[in-house]
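Heads up: the sequence shown runs through residues 75 to 254, numbered per this note's numbering.
First up is the structure itself, then whatever we jot down about it.
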Amino acid sequence: MMKNINNLVVLVDENDHETGTCEKLAAHLSGELHRAISVFIFNSEKKMLLQKRALSKYHSGGLWTNACCSHPHPGESTLNAAKRRLQEEMGIKEENLKYVFNFTYKAFLDNDLIEHELDHVFIGKTDEIPVPNSEEVSEWKYISISELEQNLKENPNAYTHWFKLIFDRIKTEAEKEGLI
């Protein structure tokens with residue numbers, strides 16, 4: 075029986091060389107290092123788009139995070155995965171995403187899951203109004219960087235682990251790109 079590629083993640087080594095595939099939930103139970111994508115969207119008012127993960131998500135449900143985050147399918151580029159998931163999660167078709175960096179992290183999450191990812195990070199700019207998928211997203215908002223910084227200090231537990239890890243670096247990249 076063939077495995078559904080929608081449920082597979084691409085396993086990688088610390089240099090992002092593919093080492094195989096694994097069922098998504100199994101990879102998060104065992105803490106296998108796998109490839110991921112994160113997309114950050116800004117609008118012309120220099121605000122960042124945030125989504126609140128649906129409560130039904132397999133981890134980090136109900137937490138605020140970047141516009142979208144997910145995993146590329148086997149054989150799919152990280153850029154194509156970023157565009158696909160932005161459309162699937164937020165209903166935004168953004169063709170001008172720019173790769174800015176990658177980072178590796180390991181975090182112990184709710185539901186006894188381990189997030190061990192080599193995450194490829196993309197940024198983009200659009201004024202398109204999100205039409206989120208309710209299975210993925212419970213709320214969304216655009217927020218100024220100063221307001222977001224304050225809220226991160228006051229309510230850190232309201233945000234996903236990976237978002238808190240890379241916020242400062244995203245802020246720097248967005249400033250360099252003139253997005254904020």
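Idealized CB from N, CA, C, for every residue including glycine.
What you are looking at is a predicted structure, and each value in this text was computed from that prediction instead of being measured.
Counting along the chain, residue 193 sits inside the beta strand (DSSP E) bounded by residues 188-199. Taking a contact to require three or more Cβ pairs closer than 8 Å, the region 223-235 and the region 164-172 do not qualify as touching. Counting every other CB atom within 10 Å of its CB across the protein chains shown gives residue 189 a total of 16 or more, marking it as buried. Separation of the CB atoms of residue 243 and residue 175 is rounded to 7 Å, and the pair is thereby assigned contact status at 8 Å. Going by DSSP, residue 181 is part of the beta strand (DSSP E) stretching over 172-182. A distance below 6 Å between beta-carbons, with the five flanking residues on each side excluded, links residue 129 to the following residues of its chain, in chain order: 135, 136. Between residue 240 and the set 184, 139, 214, the nearest pair of CA atoms involves 139.
Counting along the chain, the unbroken beta strand (DSSP E) around residue 215 starts and ends at 211-218. Taking the Cα of residue 115 as reference, the smallest distance to any Cα among 250, 216, 83, 183 is reached at 216.
Taking residue 88 as reference, the option from 179, 160, 196 with the minimal CA-CA separation is 179. For residue 154, the enclosing alpha helix (DSSP H) covers residues 152-164. In the DSSP assignment, residue 108 falls outside any alpha helix (DSSP H) and lies within the beta strand (DSSP E) extending over 108-116.
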